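Converting from the sequence shown to the working numbering requires adding 1107 to each position, the first position being numbered 1.
Every residue, glycine too, gets a C-beta built ideally from N, C-alpha and C.
The structure presented is a predicted model; accordingly, all values stated were derived computationally and were not measured.
For reference, the structure is listed below as structure tokens.
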Amino acid sequence: MEEENAWEAVRTNVYGTYVMASEAMRHGVDKFVLISTDKAVNPVNVMGASKRLAEMVCQALRAPQGTRIVMVRFGNVLGSAGSVIPKFREQIAEGVLVTVTHSEITRFFMSIPEAAQLVLQAGAMGRGGDIFVLDMGESVRIVDLARDMIRLSGLAEEDIKIVFTGLRPGEKLFEEGFADGEQTLSTPHPKLRIARARSVEAVWLDQLLGWLGQLACDDIQVRSNLQHWVPEYCTESASDPLT
1108 MEEENAWEAV RTNVYGTYVM ASEAMRHGVD KFVLISTDKA VNPVNVMGAS
1158 KRLAEMVCQA LRAPQGTRIV MVRFGNVLGS AGSVIPKFRE QIAEGVLVTV
1208 THSEITRFFM SIPEAAQLVL QAGAMGRGGD IFVLDMGESV RIVDLARDMI
1258 RLSGLAEEDI KIVFTGLRPG EKLFEEGFAD GEQTLSTPHP KLRIARARSV
1308 EAVWLDQLLG WLGQLACDDI QVRSNLQHWV PEYCTESASD PLT
């Protein structure tokens, strides 16, 4: 999403969300749950900024009556498609090396049951316009996770080398659950909190749809325009040097 496909990413994540939520409202669906990400918090990449923009679309579509639109911010789901664990398991099986982007990179993790429960709880408790965030505990250093997996495989670090490949374009060293200045509210569920993001007006959505209606937009223009639509989006924070 960061390079070569930025416009497609925005169209899919933002306009796609608008279409689906609008259709849910038109057909009288009781609840609409958007799966967002912790990358939407103080975003530094197209993925995160587009997901934050999708959240804002849902906030703008919120109505006093009718479909209740709620959002859930996911961390990394252990064992899911694209998770780092299957990748590490594959590399360890090859017995040559394990690749980690940065020695200090950390991520929050949640299990598949936790992820499923989060969606169900959000659907049950959401009143409309809420952003649910799961308390995922302490973040995990990815290099420590790699070392643990090597050890649990019956090998030692001397058997398989860990190679640091450098941060990818738009990649953050760490993720956050809540944005700067976001207030939070507790819920009846001990591990769920609600982020109270800034409000979004309907007129804002009309202007956004004008931009999304363009046929094409190159990567540089996409990132520039995202900084207009998502003020907290900052690309400079993703350029930490490899250590």
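The C-alpha of A1156 lies about 10 Å from the C-alpha of E1162.
For the pair A1116 and M1108, the CB atoms are nearer than the 8 Å cut-off. Annotated as proximal: I1199 and M1256, with beta-carbon spacing under 8 Å. According to DSSP, residue pairing for N1183 in a beta bridge involves F1216. Under a 10 Å Cβ-count criterion, S1143 is classified as buried, with 16 or more other Cβ atoms of the shown protein chains found around its own Cβ. With contact defined as three or more Cβ pairs closer than 8 Å, the segment 1320-1328 and the segment 1166-1185 are not in contact. A straight-line Cα-Cα distance of about 18 Å links T1124 and N1112. Rounded to whole angstroms, the gap between the alpha carbons of K1138 and A1223 is 16 Å.
In this structure, G1236 lies away from Q1334, with their beta-carbon atoms at least 8 Å apart.
The three-state reading of DSSP puts A1116 in helix, counting H, G and I together. Cα atoms of A1302 and L1319: separation of roughly 26 Å, rounded to the nearest angstrom.
Closest by C-alpha distance to E1197, out of R1234, A1170, Q1172 and A1253, is A1253. Non-local beta-carbon contacts of R1300 in its own chain, meaning distances under 7 Å to residues more than five positions away in sequence, involve V1240, D1242, T1291, L1292, S1293 and T1294 in chain order.
Of the candidates A1170, L1141 and M1132, A1170 places its Cα closest to the Cα of E1308. Out of L1280, E1130 and L1322, the CA that lies nearest to the CA of S1246 is found in L1280. With 16 or more other Cβ atoms from the protein chains shown falling within 10 Å of its own Cβ, E1282 counts as buried.
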